[in-house]
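Our numbering puts the first residue of the sequence shown at 1094, with every later residue one more than the last. Quick reminder that beta carbons are idealized off the backbone N, C-alpha and C, glycines included. Note that the structure is predicted; figures quoted are calculated from it, not measured. Working notes for the structure below.
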Amino acid sequence: MSFDPSNEQSFTFPVLVADIGGTNARLALVHGENEKTDVFGVPKTTEHPDISSAIRQHLPADCHPKTAIIAVAGPVTGDAIALTNADWVIEPKKMITDLGLEQVIILNDFEAQALALPVLSGTDVTQIGSGSILDGYSKFVIGPGTGLGAAAMVRAANTWIPVPGEGGHVEVGPVHPDDFEIFPHVERTGGRLSAEMIVSGTGLPRLARGVALAMKQERTFKTASEITEAAKQQDPVGVKTLETFARALGRISGDFALTVLARGGVYIAGGVTQHVAAFLTEACFRKSFETKAPHEALMKTIPTFIVTHPNPALEGLAAFARRPDDFAVQLTGRNWTV
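Set out below in structure tokens:
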């Protein structure tokens, strides 16, 4: 949309919203502007040849959605969108034919996460440390999952503007004394160390190898789940790895908070987050978040939250479906109609 109030838009209900990940496709319906999000299926992508098949199998028989708004992990280029971590190719024109839709919109997965931020509250989030949300200020979401997603939700002209990007690939370096011992042992790619290389599910084993070498310990962790389980058992390498992970996440989150002055809050989402939540404490995560000289006093006022809502991306898409004119979402090249 534009900021021109005469350029209003709306969607025909029911609206099907879908968050397509590498393993699962989360599907829900929004029946009206004041209706709750109705999750109706979480099929595995490997169990269906395409998205239309998955929707047809799980969609309630008496429901015929007219609009589909879909979030995908991958660039939206042309009429065939290949997913980054699954074999599906999303073809909006084919979906319109297969499912009898009037309109299909494809958005970025972290754009959907950002769209959820204005509507998350109460038990949807758990606050870490001090600070209070200030109305009218931008928000930021960062999410350690398979990779590291990031997006801003900028507030301007009384409108929310989701701004996805590749923030997970910013540089990261040592600050804490432990970092200076560990980081020289962490494997680089292309001569650099990006945030995603250590602050993600795929990055955790890389970080653990560096920690083990720094501690002169032998470990053969191959997956993030092995590391989190080892930390639960008080394995020193596992514990040190997650402490280092939490400090790095706090420092990166603080950098983004300063970049967009996110006094509306910084939100930690992503599949890895729930498994490392015990380490996202004030001592690890929050202290690193606030240590931003000369702006420590400002950083203490910016709240940080763990997103505990089970389907935040779906909730973001649903918020956009209900009240699209609350958001400035660029639909050029991402909107297909009959």
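*Are A1121 and F1133 closer than 9 angstroms when you measure CB to CB?*
It is a contact, given that the beta carbons lie within the stated cut-off.
*Assign A1307 to buried or exposed, taking buried as 16 or more other Cβ atoms, counted over all protein chains shown, within 10 Å of its Cβ.*
Per the 10 Å Cβ criterion, buried.
*Quick one: measure Cβ to Cβ for T1321 and L1335, integer angstroms, because I've assumed they're closer than 8 angstroms.*
Contact between T1321 and L1335 is confirmed by a C-beta separation of about 7 angstroms, below the 8 angstroms threshold.
_Closest by C-alpha distance to A1386, when choosing among G1125, I1221 and R1344_ = Checked all of G1125, I1221 and R1344; the closest Cα to A1386 is R1344.
*Answer yes or no: does any C-beta atom of chain D fall closer than 9 angstroms to that of E1184?*
The structure shown contains no chain D, having only a single protein chain.
*asked:* Does the segment 1386-1406 come into contact with the segment 1215-1234, if we say contact requires no fewer than three beta-carbon pairs (one atom in each stretch) closer than 8 angstroms?
replied: Segments in contact, yes.
*Assign I1113 to buried or exposed, taking buried as 16 or more other Cβ atoms, counted over all protein chains shown, within 10 Å of its Cβ.*
Burial call: buried.
*Quick one: Cα of L1213 to Cα of P1185, how far?*
Spanning the two alpha carbons is a distance of roughly 29 angstroms.
*CA-CA distance, M1262 and P1168?*
According to the sequence shown, residue 1262 is His rather than Met. Going from the Cα of H1262 to the Cα of P1168 covers about 16 angstroms.
*Determine the extent of the beta strand (DSSP E) in which F1106 is found, giving its start and end residues.*
Looking at the DSSP string, F1106 is not in any beta strand (DSSP E), and its letter there is neither H nor E.
*Do you know how far the Cα of I1163 is from the Cα of I1199?*
The C-alpha of I1163 is placed about 5 angstroms away from the C-alpha of I1199.
*So, are the CB atoms of G1260 and A1243 less than 9 angstroms apart?*
A Cβ-Cβ contact shorter than 9 angstroms links G1260 with A1243.
*Of all the alpha helix (DSSP H) runs that stay within the bounds of the segment 1233-1297, which reach a length of 4 or more residues?*
Correct list: 1270-1275.
*asked:* By the three-class DSSP mapping on this structure, what secondary structure does N1100 have?
replied: Low confidence applies to N1100: its pLDDT is 47, below 50, so where it sits in the model is not reliable, and the reading given next is rough at best. The answer is coil: DSSP assigns N1100 none of H, G, I, E or B.
_Residue ranges of each alpha helix (DSSP H) within the segment 1324-1407, 4 or longer_ = If only complete runs of 4 or more residues are kept, the segment 1324-1407 shows the alpha helix (DSSP H) at 1329-1353, 1380-1383 and 1389-1394, in order along the chain.
*asked:* Helix, strand or coil, according to DSSP, for V1135 in the structure here?
replied: Reduced to three states, the DSSP call for V1135 is coil.
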